[in-house]
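Colleague: In UniProt numbering, the protein residues as written are 1 to 1066. We put the beta carbon where it would ideally sit given N, CA and C, even for glycine. Before we start, here is the structure in question, set down as structure tokens.
Structural data, given as structure tokens:
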């Protein structure tokens, strides 16, 4: 299994198999070959040497040692081992009768290949012909033959060898490519590139030409390949024919950095030694306290700087720091400006290293900050346009401001961030800097004149395009008088340059309840209207009509009567019932019930209310029948104004990007499909000016502003994952979709094509096999009829009994059955596991709840998980009184069994650890966006409703037959999850609607809200520091934290307590 997974490029799965074996099969000993397969080369080398000490003729150990030495890069030791092994396998000269080892052909092939590559690496070209024989792999034999011919200037023979190599390689490529490009890449495509570059070498040697240009082409090509050590080793083999490493320093330093980032320090040092760092190493070993450089002519300064970074990576921090200070002193002698960029890098690196070395003491000794800041400030002075120098200087000031509360650090940080954004926005991702800048501006802008002035100056020089991604954050602060003038001015500028980006959110803000925000938004909208009147008019028309279409008149009455019925009959709150219906009566006063409710308010006679309810009841029944048959809506009937519009100047929602041609709304589709979920969202088609149709989900009973912010957070997380080398090469990312609020109760969601909810997939699978959808719950209720009222111990027993009676392999089989071939299945399974892991970690940090099967979707093509419905954030689901979610994320047995054979061990755990590491390393950026999120008055009312029932738990009373059904909430493409044979008390899901009312002018008990927000922020900070479990007051390591979370998520004691609509048994 380990070998198979390695051949399939599923290294994490191979590691998981060993971990699984160690946990579940303790009697199976760990073999030496396992270390190799898991790339634990040092452990493998020690194990093989231990075997060889007992049995010097052990073939497995001999070749295992050879592979380990090759991977580590101990070329001289490997050369000696190869010579010794060669003598035991092949006769020396004519000594045919020698006692040779009986070695299998595969090992002989490996020996010949490794020997030839080591000879090339050590530039021992004369040894190469000795290793080219009939046992060598045919393609490699021709490759090395062409190398020897080129060295001997036998160019025609070299050309023939290359042609022969291609002829042998062709059928192999066809086989691999038909299976997978990824698997064809390393053995085949890299060899093809080698052959192409050998032909370029021959062409250069044959006819001359511009060798500098050829070298530049090779460098560009090399920088574009996979950042994999083996790939680079193969490609740099050809370079060594015609290029001395010291003439190709740039590439060798890149290669050394790649090795260092992958933890291969020996290989990294070998690369540096090729360009002269071996002399520095000897000098340092002899005199560790003597500066490595005394003048710039002594050694290549760039190599010396790379060597210092190697020392730091090799845990020699103090030596590296001291030598870097001496190195900077030597660089200061440069008066030619040839090494300005290197000086900037050196000062920046010095600042970062000093900060790392002093971090435990930083909060107690502020002069330490000033030391670091001095280095970083020097870097910004040397190159005032260097983004990285400004970024580091600003970040250090930002941390100093947090630690000392000294306002001078705040203005310096703002200046630094504005400069890093100004000089870096076109080449780098400046999201993190913008978020930190906004944090400082909103925290200090109202009380410090210096901050106000710094922001004012900075806004003038930063490109207006920078702010487009942060429009929701800016609009959220419109109510604040502290930043009002500058903020209004900035939003007005955005509206002038990018009205398409601002028009939708500012239109929503202009309908706000709070007077301050409403007035400010209307002022900005008026400014936009002055130069884009048609655009504003179209946006208002489209928004107004879509909001009207989202909830029809009969649906409005249906929802209000349902809520009023619950308030009157279940909660017995007459006044709340009257308040619920009052707005509708104000718009429709000819309903006879209004007279009875008015009479009740005068007489307080219950009979008057009963008369009103007789009328309401008849109206409700008629509406219910209408709605039941509501499957499509003709736009001509419900939104004729939308149907009549054409060729608008307004952009299709979610498509606007600066500098890209605008995709405008051409027309709306003539029909709206009504989905059959409880809230009856509509499927809307918008035809774009580019000829494409854009599908959206129009929701009318939901505030989507929080979903919009969550998508923004996921965008930041995707950026962080893309900037990390480990997560980038695994293509880790969260699947996103566009969210556009149209008002406080309605909005558009981008339609996610080719997806099905987990509930739908499992339902279809079970229906096709005549398996009851809720078989597990039936078994639980059969064993314990009053399951919901049992204590945890009895629930656990019934829960585990149901699991033992069923397989839980539905999703695993769905993935297999819906894949056309094994290759597609492997790819989908890997994507499924990785996307589930990334979202589990991100969801945990966000405190995301309500992860029932209707809110998790599976992409039919890629196999990736897509999450929807982000209404429950910041652990509100955990704090509910009724049915709290006792798990950090969804990790039930169906999800686990759909992974590889080792389950949670392997790809899932590795991806969780990699994702959590990235999130924790970038906690400053995440906190910047999450703090704005939590303190946003548009959203925080959700934090005050911890008593709400889960969205998948609601009771609907059918007044016709008085039978209760409990239904699970579903997504936009799902159907209702109906669980049979269950009844609940009417007041069991008492959702206090009054607690969810918004008043952003301070009617939400600001003291209570602020305390809740502070608590939420502290909770998130603890998660991002590994202190969320408060064990001995020490932060948990990333692996330990992930392990605790997985234990919580999979614990049956936690899962058995969840509401059954969450389907914990799936």
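Just reading off the beta strand (DSSP E) that residue 741 is part of, what are its end residues?
Modeller: Here the beta strand (DSSP E) through residue 741 covers 739–741.
Colleague: Nearest to residue 387 by CA position, among 414, 379, 351 and 424, is which residue?
Modeller: Ranking 414, 379, 351 and 424 by Cα distance to residue 387 puts 424 first.
Colleague: Using alpha carbons as the reference points, say which of 502, 551 and 571 lies closest to residue 539.
Modeller: Nearest C-alpha to residue 539: 502.
Colleague: Helix, strand or coil for residue 1058 per DSSP?
Modeller: Here residue 1058 sits in coil by DSSP.
Colleague: Return the bridge partner residues of residue 672 from the DSSP annotation.
Modeller: In DSSP, residue 672 forms a bridge with 633.
Colleague: From residue 408 to residue 657, what does the alpha carbon distance come to, in whole angstroms?
Modeller: Residue 408 and residue 657: Cα-Cα distance of roughly 37 Å.
Colleague: What is the residue span of the beta strand (DSSP E) that residue 693 lies within?
Modeller: Segment 693–699, the beta strand (DSSP E) holding residue 693.
Colleague: In chain order, what are the residue ranges of uninterrupted alpha helix (DSSP H) at least 4 long that sit wholly in the region 106–181?
Modeller: Complete alpha helix (DSSP H) runs here, min 4: 128–131, 138–151 and 155–179.
Colleague: Expressed to the nearest angstrom, what Euclidean distance is found between the alpha-carbon atoms of residue 245 and residue 44?
Modeller: Roughly 31 Å between the two C-alpha positions.
Colleague: Jot down the residue ranges of each uninterrupted alpha helix (DSSP H) in the region 349–429, minimum 4 residues, whole runs only, in chain order.
Modeller: Whole alpha helix (DSSP H) segments, 4+ residues: 366–382, 387–404 and 407–424.
Colleague: Taking contact to mean at least 3 C-beta pairs separated by less than 8 Å, is the region 833–848 in contact with the region 784–801?
Modeller: The region 833–848 vs the region 784–801: no contact.
Colleague: So does the region 511–528 actually touch the region 482–502, counting three or more Cβ pairs closer than 8 Å?
Modeller: Enough Cβ pairs lie closer than 8 Å, so yes.
Colleague: Taking residue 1069 as the reference, give the member of 568, 588, 612 and 545 with the closest Cα.
Modeller: Only positions 1 to 1066 of the chain appear in the structure, and residue 1069 is not among them; the question remains open.
Colleague: Secondary structure at residue 711, three-state DSSP: helix, strand or coil?
Modeller: Three-state result, residue 711: helix.
Colleague: Apart from the five residues just before and just after residue 917, which ones in its own chain have a Cβ nearer than 7 Å to its Cβ?
Modeller: The answer, listed in chain order, is 1038.
Colleague: Is the number of C-beta pairs between the region 115–123 and the region 78–87 that are closer than 8 Å three or more?
Modeller: Short answer: they touch.
Colleague: From the DSSP output, in three-state form, read off residue 677 for me.
Modeller: In this structure, residue 677 counts as coil in the three-state DSSP scheme.
Colleague: Can you find at least 3 beta carbon pairs, one from the region 159–175 and one from the region 133–150, that sit closer than 8 Å?
Modeller: As far as the Cβ criterion goes, the region 159–175 touches the region 133–150, which means the pair count is three or higher.
Colleague: Using beta-carbon positions only, say whether residue 272 and residue 303 come within less than 8 Å of one another.
Modeller: Closer than 8 Å, so yes.
Colleague: Shortest alpha-carbon distance to residue 596 belongs to which of 580, 441, 405 and 614?
Modeller: Cα-wise, what sits closest to residue 596 is 614.
Colleague: Could you tell me the alpha carbon to alpha carbon distance between residue 956 and residue 731, rounded to whole angstroms?
Modeller: Confidence in residue 956 is poor, its pLDDT being 32 and thus under 50, which makes the residue's placement unreliable; the coordinate value appears in the next sentence. Whole-angstrom Cα-Cα distance: 44 Å.
Colleague: Please specify which runs of the beta strand (DSSP E), each continuous and at least 3 residues long, are wholly inside the region 863–919, giving them in chain order.
Modeller: Those beta strand (DSSP E) runs which fall completely within the region 863–919 and span 3+ residues are 865–867.
Colleague: Spell out the partners DSSP gives residue 828 in its beta bridges.
Modeller: Answer is none; residue 828 lacks a bridge partner.
Colleague: My output table needs one value for residue 40: the three-state DSSP class, helix, strand or coil.
Modeller: In the structure shown, residue 40 sits in coil (DSSP, three-state: anything other than H, G, I, E or B).
Colleague: CB-CB under 6 Å to residue 475, same chain, minus the five flanking residues each way: which ones, in chain order?
Modeller: Within the same chain, residue 475 has close Cβ partners 505 and 509.
Colleague: What did DSSP end up calling residue 215 once you bin it into helix, strand or coil?
Modeller: Three-state result, residue 215: helix.
Colleague: For the alpha helix (DSSP H) that contains residue 856, what are its first and last residues?
Modeller: Segment 856–859 is the beta strand (DSSP E) holding residue 856; no alpha helix (DSSP H) there.
Colleague: Given a cut-off of 8 Å, decide if residue 352 and residue 418 are closer than it, judged by their beta-carbon atoms.
Modeller: Not closer than 8 Å, so no.
Colleague: Kindly indicate which residue of 773, 59, 57 and 64 has the alpha-carbon position closest to the one of residue 47.
Modeller: Answer by Cα proximity: 64.
Colleague: Excluding sequence positions up to five away, which residues of its chain have a Cβ less than 8 Å from the Cβ of residue 150?
Modeller: The residues are 158, 198, 201, 202, 205 and 241.
Colleague: Would residue 345 pass as a contact of residue 324 if the rule is Cβ separation under 8 Å?
Modeller: No, the Cβ-Cβ distance between residue 345 and residue 324 is not below 8 Å.
Colleague: On the CB-based measure, 16 or more other CB atoms within 10 Å of its CB, does residue 531 come out buried or exposed?
Modeller: So residue 531 ends up on the exposed side.
Colleague: Please report the Cβ distance between residue 398 and residue 436, rounded to the nearest whole angstrom; I am assuming they are in contact, meaning their Cβ atoms lie under 8 Å.
Modeller: Confirmed, Cβ separation roughly 6 Å.
Colleague: Going by DSSP in three states, residue 274 sits in which element: helix, strand or coil?
Modeller: Residue state, collapsed to three classes: helix.
Colleague: Which residues in the same chain as residue 1020 place their Cβ atom closer than 6 Å to its Cβ, once the five residues preceding and following it in sequence are excluded?
Modeller: Closer than 6 Å at the Cβ level, and outside the excluded window around residue 1020, lie 930.
Colleague: Suppose you measure from the CA of residue 250 to the CA of residue 900; what does that come to, to the nearest Å?
Modeller: About 41 Å.
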